[in-house]
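For the sequence shown, position 144 matches number 144 in UniProt numbering, and the numbering has no gaps at all.
Quick notes on the structure that follows.
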Amino acid sequence: MKDKRILYVSSEVVPYLPETEISSAAFEAPRLVNQQGGQIRIFMPRYGNINERRHQLHEVIRLSGINLVINDLDMPLIIKVASIPKERIQVYFIDNDEYFKRKATLTDEDGKLFSDNDERAIFFAKGVIETVKKLNWAPDIIHVHGWLASLLPLYLKEYYKDEPLFNESKIVTSIYNQSFDDTLNKDMVNKIKFDNIDDDAIKTLEDPSYTNLMKVAIDYSDALIVGSENIPDDLDTYLKASDKPILEYKSKDEFGEAYTAFFNNTVLG
């Protein structure tokens with residue numbers, strides 16, 4: 001992976017949030033590439049329960065300050081950055097007071113999904129892409145983790161399809177079992193249509209369930225990784241029918257070698 005540029009976009013990353021399958025993978029994968037001489041950038045949301053002082057987050061003024069239009073509303077984009085101790089890895093945080101100030105991640109204290117998670121997902125996808133454009137950093141691979149990040153492949157291939165910076169970028173999405181019950185806001189599909197994204201591309205999101213969100217991510221990815229030992233049956237079926245390169249689930253011991261070979265030989269080969 002030497003000198004390859006890999007952009008990691010994840011809904012969670014350790015050490016900023018507790019250890020889960022996703023937050024661990026979104027730390028271990030970049031660390032591996034970093035050790036192999038690859039260039040990496042990690043992006044995640046700046047949830048209000050991340051301790052800014054302890055993790056030494058600071059705002060990057062030159063990257064902040066643009067407004068993203070979400071469902072006809074101007075939302076200011078704030079970019080913060082921190083370094084993972086001992087790893088020499090920088091993490092960029094997508095922030096906005098309206099969407100990420102609350103002291104929680106994706107659900108309230110009763111475990112109920114926030115009603116604006118759909119808008120937060122749109123804001124996160126656009127925010128990452130706009131920031132990478134400002135950095136003028138063209139990734140060879142964009143690796144997506146977690147459902148809050150799952151709109152990124154769609155936005156990159158539809159809304160930003162004429163953006164030359166990403167012409168050569170390959171999108172890889174990891175599919176996990178870390179899902180949610182019920183659905184996101186039913187109006188989500190109209191908010192995405194507001195960005196002139198074709199109806200056919202997002203018809204599936206008329207029912208914005210976890211499975212359907214991931215199906216759209218699969219549709220717009222170039223390759224896929226099974227990140228959990230067991231994933232929902234209908235996602236497994238959809239994955240296999242996609243006819244795209246798939247790296248099947250690997251344990252922690254096998255992961256490094258398989259991951260490197262998949263990226264070098266299949267995704268970039």
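Every residue, glycine too, gets a C-beta built ideally from N, C-alpha and C.
Given the structure is predicted, the values throughout are model-derived calculations rather than measurements.
Just verifying my parser: in three-state terms, what is the DSSP assignment at residue 93?
In the structure shown, residue 93 sits in a strand (DSSP, three-state: E or B).
Cut-off 8 Å between Cβ atoms - residues of its own chain near residue 91, not counting five sequence neighbours on either side:
Excluding residues within five positions, the ones whose Cβ falls inside 8 Å are 13, 16, 42, 43, 44, 81, 82, 83, 84.
What are the start and end residues of the beta strand (DSSP E) that includes residue 114?
From DSSP, residue 114 is part of no beta strand (DSSP E); its letter is neither H nor E.
Kindly indicate which three-state DSSP category residue 194 falls into: helix, strand or coil?
Residue 194 falls in the coil class under three-state DSSP.
Between which two residues does the beta strand (DSSP E) containing residue 67 stretch?
Segment 67–70, the beta strand (DSSP E) holding residue 67.
What number of angstroms, rounded off, separates the C-alpha of residue 61 from the C-alpha of residue 93?
When rounded, the distance between both Cα atoms is 13 Å.
Simplified DSSP assignment, three categories, for residue 176
Assignment of residue 176 by DSSP, reduced to helix, strand and coil, places it in the coil class.
By Cβ distance, which residues of its chain are closer than 8 Å to residue 139, with the 5 residues on each side in sequence left out?
Same-chain partners within the cutoff: 5, 6, 7, 41, 132, 166, 169.
Distance between beta carbons of residue 231 and residue 176, contact taken as under 8 Å:
Under the criterion of beta carbons closer than 8 Å, residue 176 and residue 231 qualify as touching, at roughly 7 Å.
Would residue 224 and residue 172 be called neighbours here (beta carbons separated by less than 8 Å)?
Cβ atoms of residue 224 and residue 172: closer than 8 Å.
Is the distance from the Cβ of residue 66 to the Cβ of residue 130 below 8 Å?
Yes, they are a contact pair.
CA nearest to the CA of residue 147, picked from 209, 156, 222, 77
If we check each option's Cα against that of residue 147, 209 comes out closest.
In whole angstroms, what separates the C-alpha of residue 37 from that of residue 3?
Near 6 Å, if we compare the C-alpha coordinates of residue 3 and residue 37.
Starting from the Cα of residue 180, find the closest Cα among 116, 233, 106 and give me that residue.
Distances from the CA of residue 180 to each of 116, 233, 106 were compared; the closest alpha carbon is that of 106.
Segment contact, 8 Å Cβ cut-off, at least three pairs: the region 108–120 with the region 183–197:
Touching, yes.
Just the C-alpha distance for residue 261 and residue 55, rounded to the nearest angstrom, thanks.
Their backbone Cα atoms lie some 33 Å apart in a straight line.
Beta-bridge partners of residue 145, as assigned by DSSP
Note: residue 145 sits in a beta bridge opposite 10, 174.
Could you check where the beta strand (DSSP E) with residue 80 kicks off and where it finishes?
Where residue 80 is concerned, the enclosing beta strand (DSSP E) starts and stops at 78–84.
Could you check whether residue 249 and residue 228 sit closer than 8 Å to each other, using their CB atoms as the reference points?
Yes, the Cβ-Cβ distance between residue 228 and residue 249 is below 8 Å.
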